[in-house]
Amino acid sequence: MYVETAGGVHSPTLSGTTQLDAYRPLFLPTVLIGDSRLGGISSTIASYEAMLLRGYIVDAILLFRDEYYRNWEYLAPYFAERSIPVISVDPPPERQADPAADASVTENYYQAIVPGNGPSAILDVVKHLDDCHARRLAELESMPRRTLDSIWWPFVQHGHVQREADVNVIDSAWGDFFSKLKDGNGPKIAALILEPLVMGAGGMIFVDPLFQRVLIDVVRGPSPRIPSEWSGLPVIFDEVFIGLYRLGLQTSSALLGTTPDISVNAKILTGGLVPLAVTLASDSVYRAFLSDSKVDALLHGHSYTAYPVGCEVANATLDIIDKLATSEPWREAREKWRVSEPEKVSQTSVWSFWDPAFVNAVSHMDNVAEIMAFGTLLSIKVQDDSAGYQSHSARALLESIRTAVNSDGALSPAPGGSPFGIHYRTLGNVAYFMLSLNTPASVVRSVEERVCTVLQNRR
């Protein structure tokens, strides 16, 4: 594990101690970021020596390649004598005034330093760090046996020290405390279960897709020889809430850039008309239970397993969704979010039925901490010093929109033009609204207007 820090090695933490002293008890492997500017040779070596005095293990030194000062040319042989590689990479390009041009040159920069194919200094660093970690573990794990074979302890009856488990391996010492190697026999993890993109159970928390992708890659370990094969821990997507275009995407797999081993869908599948859920599994997971032996079978079922009425309703729902995905209201919503190609929308494009101008306006209100719109979902977090499940701020702030009102006398977009109240759900200081996949745009605009009015009047 690597913890990214900011500032210099002696920069203070929130507790007041320097970063060197604050992180030292963790005894993590370290990558030192060198200074490529004027005076950088001195500050880089000084930082290394400060870390060395405190017992840090520095696995590598990275710095930008400044063609004027060329600090890497001096630092590389200096640290080579200490068996520490120095890797220099080109600095990022200057920021462009045009956002599109800036995104393009930045993407080209990252492609250059981490190409899809061919050699890469950054990838070499990653391999070196992996090798250092493997050597360190091998060294620690071999210590008990080597100790029993070579060491004589004074004041110890050697007959009492016969097993490797009897040897106390001290990994490090800091102050009055020793870090002891602990045998990794902790609880076994069976699988990774996650709600992709939005954690509904956690209070409508929008999760960084990159974090979830990295988490999946870590638990799966090295890629299998065949991409469709199960590797490492099985990954299960709980798409009961977000699946089937709730977030404007048929599935979260394309946005995350990976597919689960098992996925679960429900809710929109039948719209609550009848109870039904579907469990999807990759072929390798399915074949794990495919056997003539009862021992290998998945002996589980329930009253609503694949019953005809539920399956027929689900099939009808999927047919309706396919038509909606290419309908004019959906096309207009995509265009507002600058998404115009329907075949790409269902895969990776992020868009919402909520108007981007409305979302932007609410985001600037003083009583709103944040707002997120994704497909049919709108989440508004209210400013509140006592945030959390115990808070009632979201309900109190938006309570008036539950009441049907018609202040201007105009007909509403509801059936018959009658006034209507708006139902929403709160989780502490978070209020969220959900549309149907076929909610008319006129209804959405009316809800947006009511929400804006209430938030503005309660500022």
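The opening residue of the sequence shown carries number 470 in my numbering; numbering runs sequentially from there.
Note that beta-carbon positions come from the ideal geometry of N, C-alpha and C, so glycine has one too.
Only a predicted model underlies this, so the values are computations on that prediction, with no experimental measurement involved.
Can you tell me whether DSSP reads residue i as helix, strand or coil?
i, result
"Gly441", "Here the chain has residues from 470 to 928 only, and residue 441 is not among them."
"Thr474", "coil"
"Pro481", "strand"
"Val916", "helix"
"Ser887", "coil"
"Ala775", "coil"
"Ser574", "The sequence shown places Val at residue 574, rather than the Ser named in the question. It is helical."
"Ser818", "coil"
"Arg604", "helix"
"Thr499", "strand"
"Glu536", "coil"
"Thr616", "helix"
"Ala879", "coil"
"Val837", "strand"
"Val851", "strand"
"Thr786", "helix"
"Ser512", "helix"
Which first and last residues belong to the alpha helix (DSSP H) in which residue i is found?
i, result
"Ala491", "488-492"
"Asn734", "Asn734 -> not in any alpha helix (DSSP H); beta strand (DSSP E) instead, spanning 731-734."
"Phe647", "Counting along the chain, Phe647 falls outside any alpha helix (DSSP H), though it belongs to the beta strand (DSSP E) covering 646-649."
"Tyr543", "540-549"
"Phe827", "825-832"
"Ile556", "Element bounds for Ile556: not the alpha helix (DSSP H) but the beta strand (DSSP E), 555-558."
"Arg523", "No alpha helix (DSSP H) contains Arg523, which DSSP labels as neither H nor E."
"Arg864", "862-867"
By how many angstroms is the C-alpha of residue j removed from the C-alpha of residue i?
i, j, result
"Asp765", "Val754", "12 Å"
"Ala735", "Glu708", "8 Å"
"Val733", "Leu749", "6 Å"
"Val874", "Ala863", "20 Å"
"Leu412", "Ala879", "The question about residue 412 has no answer, for the chain in this structure spans 470 to 928."
"Thr895", "Ser722", "28 Å"
"Phe533", "Arg605", "28 Å"
"Val814", "Leu725", "With a pLDDT of 45 at Val814, under the threshold of 50, the modelled position of that residue is not reliable, and no figure is offered here."
"Glu797", "Leu906", "13 Å"
"Pro678", "Trp622", "54 Å"
"Asp853", "Pro884", "37 Å"
"Leu592", "Ser700", "22 Å"
"Arg715", "Trp823", "13 Å"
"Leu666", "Ile510", "44 Å"
"Arg459", "Asp535", "The shown model of the chain, from 470 to 928, leaves out residue 459, and the question about it has no answer."
"Val558", "Tyr517", "19 Å"
"Tyr720", "Met668", "The residue asked about is misnamed: residue 720 is Thr in this sequence, not Tyr. One C-alpha to the other measures close to 15 Å."
"Leu867", "Val923", "7 Å"
"Ala802", "Pro825", "9 Å"
"Ala570", "Glu473", "29 Å"
"Leu684", "Leu702", "11 Å"
"Phe889", "Asn926", "19 Å"
"Gly936", "Thr908", "Within the shown structure, residues of the chain are numbered from 470 to 928, placing residue 936 beyond reach of any answer."
"Ala746", "Lys792", "22 Å"
Tell me where the beta strand (DSSP E) around residue i begins and ends.
i, result
"Ile639", "639-643"
"Asp567", "Element bounds for Asp567: n/a, residue is neither H nor E."
"Thr748", "747-750"
"Ile530", "527-533"
"Val899", "899-903"
"Leu507", "Note, Leu507: premise wrong, no beta strand (DSSP E); not H, not E."
"Arg800", "Looking at the DSSP string, Arg800 is not in any beta strand (DSSP E); the run it does join, the alpha helix (DSSP H), is 797-805."
"Leu759", "Segment: none, Leu759 is in no beta strand (DSSP E) and carries neither H nor E."
"Leu896", "894-896"
Please classify residue i as buried or exposed, where buried requires at least 16 neighbouring CB atoms within 10 angstroms.
i, result
"Ser887", "exposed"
"Phe680", "exposed"
"Ala566", "exposed"
"Asp504", "buried"
"Glu839", "exposed"
"Asn540", "buried"
"Glu664", "buried"
"Pro729", "buried"
"Gln626", "exposed"
"Phe843", "buried"
"Arg632", "exposed"
"Ala529", "buried"
"Phe706", "buried"
"Pro849", "Inspection of the sequence shows that residue 849 is occupied by Ile rather than by Pro. Ile849 is buried by the Cβ-count criterion."
"Ile711", "buried"
"Ile789", "exposed"
"Ile658", "exposed"
"Leu767", "exposed"
"Leu661", "buried"
"Leu501", "buried"
"Tyr450", "Not covered by the structure: residue 450. The range shown for the chain is 470 to 928."
Quick check: is the beta carbon of residue i nearer than 8 Å to any beta carbon in chain B?
i, result
"Val630", "Reference to chain B is not applicable here, since this structure consists of a single protein chain."
Segments assigned beta strand (DSSP E), at least 3 residues, entirely inside the region 655-728: 661-663, 704-707
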